[in-house]
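The next block holds one structure in the form of structure tokens; read it before the comments.
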Amino acid sequence: MNAPHVPLSILDLVSISEGQSTRDAIAASMEGARAADRLGYERYWFAEHHNTDSLASSATSLLIDRAASMTERIRVGSGGIMLPNHSPLAVIEQFGTLVQFHGDRIDLGLGRAPGTDQLTAQLLARTSAEPGAFIDAVEQMRDWSREAPTSGGLPITAEVARGTEVPMWILGSTGNGARLAAQLGMPFSVASHFAPFQYLHALETYRTHFDPDAASAQIEQPHTMVGVNLVVAETDEEAQRQFTTLQQMFLGIVTGQRQKIQPPRDITEVAPEHLLQKVDQTLSIRAVGSPATVVSQLEEIVAATKADELILTAYHYDPADRLRSLELLAEAWGL
């Protein structure tokens with residue numbers, strides 16, 4: 147394969163392993179951010195989730211602040227802030243403050259999904275997830291972050307965000323999300339790591355409809371990032387063994403029997419064939435194996451998607467295995 151070695155980024159959901167405390171999980175996440183910074187990864191993003199026992203990525207802006215405080219070079223951001231859970235003014239004030247703290251290292255990735263179940267979403271709801279309302283909210287935030295905001299006639303300012311021009315990304319998994327990103331003239335990150343069924347169509351839709359002249363536009367041409375599940379180990383066999391941790395996690399989602407992140411095991415002992423096929427279809431955009439195997443797989447994904455960047459998500463029972471995975475890939479990819 148001759149695909150270019152595009153920048154690699156990390157998506158962290160701050161997973162909590164069986165027997166691990168939440169405090170320890172957050173500490174392991176921060177260690178991952180430090181390692182990614184040292185190893186040359188482009189971004190380190192946190193995804194907002196709620197009412198999930200195995201994940202501690204709920205207070206996204208606080209995690210971003212902590213990680214940015216413990217790193218020097220890497221961009222840190224949200225992958226993403228689930229806008230229906232928040233008011234636009236509160237979000238831009240938080241991220242404007244993060245820029246004031248850390249300078250131009252902060253990304254604001256935005257999604258329309260609540261990142262939780264329906265009941266929890268009702269308790270969190272602040273902004274409509276309807277496309278028109280979402281666009282209005284993003285345009286408001288974009289305006290508030292400019293040096294000379296127009297405020298749309300409202301006597302409202304977000305002084306802490308003024309002039310920060312916080313870089314925004316739109317997250318999505320279908321053509322609908324892609325069209326919103328294109329209409330807004332913003333970068334697009336596709337959630338192919340857990341929603342692989344329409345991701346190529348979404349990328350095509352985004353590129354076809356991209357509008358560089360949108361009022362909210364911040365880039366002149368389409369820019370895409372593709373989500374990939376990642377496990378790297380010294381051998382293909384060891385990587386496949388560690389991958390069973392992620393398979394078990396998604397098996398819990400499919401069956402409604404969620405639990406903390408589990409150690410690797412023979413997946414055939416816990417998953418009937420038909421459920422395992424469903425899980426593997428959901429996780430089909432993945433790179434699992436030795437460094438050479440994973441590099442080849444990632445090159446194939448870049449060639450197929452023409453992605454400008456890849457964002458990698460990895461679940462390991464042992465945080466040491468996750469750090470080793472990042473180290474092996476950074477060396478093999480030439481970061």
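Under the numbering used here, the sequence shown is numbered contiguously, ending at residue 481.
For each residue, glycine too, the CB sits at the ideal point set by N, CA and C.
Just so we're clear, the structure is a prediction, and the values are computed from it rather than from any experiment.
Going by C-alpha positions, F340 is about 31 angstroms away from H248.
Restricting attention to beta strand (DSSP E) runs no shorter than 3 residues, the region 391 to 449 encloses them at 432 to 435, ordered along the chain.
Listed as beta-bridge partners of T168 by DSSP are no residues whatsoever. Two segments are said to touch when three or more pairs of C-beta atoms, one from each, lie closer than 8 angstroms; by this definition the region 340 to 355 does not touch the region 283 to 298. L201 has its alpha-carbon roughly 4 angstroms from the corresponding atom of S161. Each of H420, R404 and G178 was checked against the Cα of N197, and the nearest Cα belongs to R404. Distance check between G435 and each of F389, A182 and T401 places F389 closest, using alpha-carbon atoms only. Runs of alpha helix (DSSP H) with 4 or more residues, each lying fully within the region 227 to 311, are found at 234 to 248, 264 to 270 and 277 to 290, listed in chain order.
Rounded to the nearest angstrom, the gap between the Cα atoms of E419 and I399 is 16 angstroms.
Q423 is the residue among E384, M371 and Q423 whose C-alpha sits nearest the C-alpha of F396. By the criterion of a C-beta distance shorter than 7 angstroms, V152 is surrounded in its chain by V448, A453, D454, E455 and L456, once the five residues flanking it on both sides are discounted. For S319, no beta strand (DSSP E) encloses it, and the DSSP letter there is neither H nor E. The region 212 to 230 and the region 289 to 297 do not touch, with fewer than three beta-carbon pairs separated by less than 8 angstroms. Note that the C-beta distance between E194 and S155 is not below 7 angstroms.
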